[in-house]
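Residue numbering for the sequence shown is 76 to 240, as defined by our numbering. Backbone N, C-alpha and C define an ideal beta-carbon position, used for all residues, glycine too. Okay, structure first, notes after.
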Amino acid sequence: MDIIFTLLGFLFMVLGLAGSLLPILPGPPLSWLGLLLIYMTDAVPNNITFLIITLIIALAIFILDYFIPAMGTKRFGGSKAGVTGSTIGLIIGLLAPIPGGIIIGPFVGAFIGEKSNNANTDKALKVAFGSFLGFVTGAFLKLIIAIIYFGYFIQAFWTYKNLML
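The structure is reproduced here in C-alpha coordinates:
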(Lines of atoms letter the chains of each structure in order from A and count residues from 1; the text may use other names and numbers.)
(Lines give C-alpha, C1' and ligand atoms only; values in the text may rest on other atoms or scores of the structure.)
Protein backbone atom coordinates (compact mmCIF):
# COMPACT_ATOMS: atom_id res chain seq x y z
CA MET A 1 0.00 0.00 0.00
CA ASP A 2 2.94 2.33 0.67
CA ILE A 3 4.00 2.12 -2.96
CA ILE A 4 0.52 3.11 -4.15
CA PHE A 5 0.40 6.08 -1.74
CA THR A 6 3.89 7.11 -2.82
CA LEU A 7 3.10 6.89 -6.53
CA LEU A 8 -0.17 8.78 -6.09
CA GLY A 9 1.66 11.36 -3.97
CA PHE A 10 4.26 11.80 -6.69
CA LEU A 11 1.47 12.23 -9.26
CA PHE A 12 -0.11 14.94 -7.11
CA MET A 13 3.28 16.63 -6.76
CA VAL A 14 3.68 16.76 -10.55
CA LEU A 15 0.11 18.04 -10.93
CA GLY A 16 0.85 20.65 -8.26
CA LEU A 17 3.89 21.87 -10.18
CA ALA A 18 1.80 22.05 -13.38
CA GLY A 19 -0.97 23.80 -11.46
CA SER A 20 1.48 26.47 -10.41
CA LEU A 21 1.63 27.64 -13.99
CA LEU A 22 -1.86 26.66 -15.18
CA PRO A 23 -4.72 28.39 -13.36
CA ILE A 24 -7.03 25.50 -14.20
CA LEU A 25 -5.31 23.30 -11.62
CA PRO A 26 -5.06 24.32 -7.96
CA GLY A 27 -1.27 23.90 -7.65
CA PRO A 28 -0.54 24.31 -3.92
CA PRO A 29 -3.50 22.19 -2.71
CA LEU A 30 -2.54 19.42 -5.15
CA SER A 31 1.04 19.52 -3.91
CA TRP A 32 -0.22 19.35 -0.35
CA LEU A 33 -2.24 16.24 -1.21
CA GLY A 34 1.03 14.70 -2.39
CA LEU A 35 2.55 15.45 1.01
CA LEU A 36 -0.48 14.01 2.75
CA LEU A 37 -0.21 10.79 0.77
CA ILE A 38 3.47 10.26 1.57
CA TYR A 39 2.69 10.85 5.25
CA MET A 40 -0.13 8.31 5.06
CA THR A 41 2.35 5.54 4.31
CA ASP A 42 3.34 3.23 7.13
CA ALA A 43 7.00 4.08 6.56
CA VAL A 44 6.84 7.85 7.11
CA PRO A 45 5.96 8.89 10.68
CA ASN A 46 2.91 11.13 10.92
CA ASN A 47 3.56 14.78 11.67
CA ILE A 48 0.16 16.41 12.12
CA THR A 49 1.63 19.82 12.96
CA PHE A 50 3.66 19.83 9.73
CA LEU A 51 0.64 18.77 7.68
CA ILE A 52 -1.61 21.43 9.24
CA ILE A 53 0.92 24.22 8.72
CA THR A 54 1.58 23.20 5.10
CA LEU A 55 -2.19 22.96 4.49
CA ILE A 56 -2.76 26.47 5.83
CA ILE A 57 0.05 27.81 3.63
CA ALA A 58 -1.29 25.97 0.55
CA LEU A 59 -4.82 27.28 1.08
CA ALA A 60 -3.61 30.82 1.78
CA ILE A 61 -1.56 30.92 -1.43
CA PHE A 62 -4.44 29.35 -3.36
CA ILE A 63 -6.89 32.00 -2.15
CA LEU A 64 -4.40 34.85 -2.46
CA ASP A 65 -3.73 33.88 -6.08
CA TYR A 66 -7.24 35.00 -7.02
CA PHE A 67 -6.63 38.45 -5.57
CA ILE A 68 -3.05 39.14 -6.70
CA PRO A 69 -3.82 39.99 -10.39
CA ALA A 70 -6.63 42.29 -9.30
CA MET A 71 -4.32 43.85 -6.71
CA GLY A 72 -1.71 44.40 -9.43
CA THR A 73 -4.32 46.01 -11.64
CA LYS A 74 -5.52 48.23 -8.81
CA ARG A 75 -1.96 49.05 -7.70
CA PHE A 76 -1.20 50.42 -11.16
CA GLY A 77 -4.28 52.65 -11.10
CA GLY A 78 -6.84 50.33 -12.61
CA SER A 79 -10.55 50.83 -12.32
CA LYS A 80 -13.23 48.20 -11.70
CA ALA A 81 -13.51 47.87 -15.49
CA GLY A 82 -9.79 47.04 -15.70
CA VAL A 83 -10.07 44.39 -12.98
CA THR A 84 -13.14 42.88 -14.66
CA GLY A 85 -11.41 42.96 -18.05
CA SER A 86 -8.38 41.25 -16.59
CA THR A 87 -10.55 38.45 -15.17
CA ILE A 88 -12.49 37.99 -18.40
CA GLY A 89 -9.23 38.05 -20.34
CA LEU A 90 -7.84 35.32 -18.10
CA ILE A 91 -10.84 33.09 -18.79
CA ILE A 92 -10.69 33.73 -22.53
CA GLY A 93 -6.91 33.22 -22.51
CA LEU A 94 -7.41 29.83 -20.89
CA LEU A 95 -9.97 28.74 -23.46
CA ALA A 96 -8.49 30.31 -26.59
CA PRO A 97 -6.23 28.04 -28.64
CA ILE A 98 -3.46 30.62 -28.90
CA PRO A 99 0.07 30.22 -27.55
CA GLY A 100 0.52 32.18 -24.34
CA GLY A 101 -3.18 32.94 -24.08
CA ILE A 102 -3.07 32.59 -20.34
CA ILE A 103 -0.55 35.44 -20.15
CA ILE A 104 -1.85 37.56 -23.01
CA GLY A 105 -5.52 37.28 -21.97
CA PRO A 106 -5.38 39.19 -18.67
CA PHE A 107 -3.10 41.83 -20.21
CA VAL A 108 -5.41 42.45 -23.16
CA GLY A 109 -8.50 42.18 -20.96
CA ALA A 110 -7.24 44.81 -18.53
CA PHE A 111 -6.27 47.06 -21.45
CA ILE A 112 -9.71 46.75 -23.08
CA GLY A 113 -11.43 47.21 -19.73
CA GLU A 114 -9.58 50.44 -19.08
CA LYS A 115 -10.14 51.70 -22.63
CA SER A 116 -13.88 51.01 -22.23
CA ASN A 117 -13.71 53.14 -19.10
CA ASN A 118 -12.41 56.04 -21.21
CA ALA A 119 -8.82 55.80 -19.98
CA ASN A 120 -6.06 57.06 -22.24
CA THR A 121 -3.78 54.52 -23.90
CA ASP A 122 -0.84 55.16 -21.58
CA LYS A 123 -2.93 54.56 -18.47
CA ALA A 124 -4.56 51.48 -20.00
CA LEU A 125 -1.12 50.03 -20.84
CA LYS A 126 0.11 50.77 -17.32
CA VAL A 127 -2.90 48.99 -15.79
CA ALA A 128 -2.50 46.05 -18.19
CA PHE A 129 1.13 45.76 -17.15
CA GLY A 130 0.00 45.73 -13.50
CA SER A 131 -2.36 42.86 -14.30
CA PHE A 132 0.48 40.98 -15.97
CA LEU A 133 2.77 41.55 -12.97
CA GLY A 134 0.01 40.31 -10.67
CA PHE A 135 -0.38 37.14 -12.72
CA VAL A 136 3.37 36.52 -12.76
CA THR A 137 3.63 37.17 -9.01
CA GLY A 138 0.83 34.70 -8.26
CA ALA A 139 2.36 32.05 -10.51
CA PHE A 140 5.77 32.60 -8.90
CA LEU A 141 4.38 32.19 -5.38
CA LYS A 142 2.53 29.01 -6.35
CA LEU A 143 5.62 27.63 -8.07
CA ILE A 144 7.83 28.33 -5.05
CA ILE A 145 5.39 26.56 -2.72
CA ALA A 146 5.05 23.60 -5.11
CA ILE A 147 8.84 23.27 -5.36
CA ILE A 148 9.26 23.44 -1.57
CA TYR A 149 6.54 20.82 -1.07
CA PHE A 150 8.13 18.64 -3.73
CA GLY A 151 11.42 18.95 -1.84
CA TYR A 152 9.70 17.83 1.37
CA PHE A 153 8.17 14.92 -0.53
CA ILE A 154 11.52 13.81 -1.96
CA GLN A 155 13.20 14.21 1.44
CA ALA A 156 10.53 12.07 3.15
CA PHE A 157 10.71 9.45 0.43
CA TRP A 158 14.52 9.36 0.44
CA THR A 159 14.73 9.12 4.21
CA TYR A 160 12.25 6.23 4.48
CA LYS A 161 12.64 4.54 1.09
CA ASN A 162 14.08 1.35 2.63
CA LEU A 163 10.94 0.95 4.75
CA MET A 164 8.61 1.42 1.77
CA LEU A 165 9.95 -1.34 -0.44
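Pair within 7 Å by beta-carbon distance, residue i and residue j
{"i": "valine 202", "j": "alanine 185", "result": "yes"}
{"i": "proline 103", "j": "lysine 217", "result": "yes"}
{"i": "alanine 231", "j": "valine 119", "result": "yes"}
{"i": "valine 183", "j": "glycine 209", "result": "no"}
{"i": "aspartate 77", "j": "methionine 239", "result": "yes"}
{"i": "glycine 188", "j": "threonine 159", "result": "yes"}
{"i": "proline 144", "j": "serine 161", "result": "yes"}
{"i": "leucine 110", "j": "tyrosine 235", "result": "no"}
{"i": "phenylalanine 137", "j": "proline 101", "result": "yes"}
Residue i, buried or exposed, once every other Cβ within 10 Å from all chains shown has been counted against 16
{"i": "isoleucine 113", "result": "buried"}
{"i": "isoleucine 241", "result": "For the chain, the structure presents residues 76 to 240; residue 241 sits outside this window and is missing."}
Counting Cβ pairs, one atom from each stretch, are 3 or more of them under 8 Å apart for the stretch 143-156 and the stretch 121-131? no
Threshold first: 4 residues or longer. Then list the alpha helix (DSSP H) segments lying entirely within the stretch 82-118, N to C. 102-114
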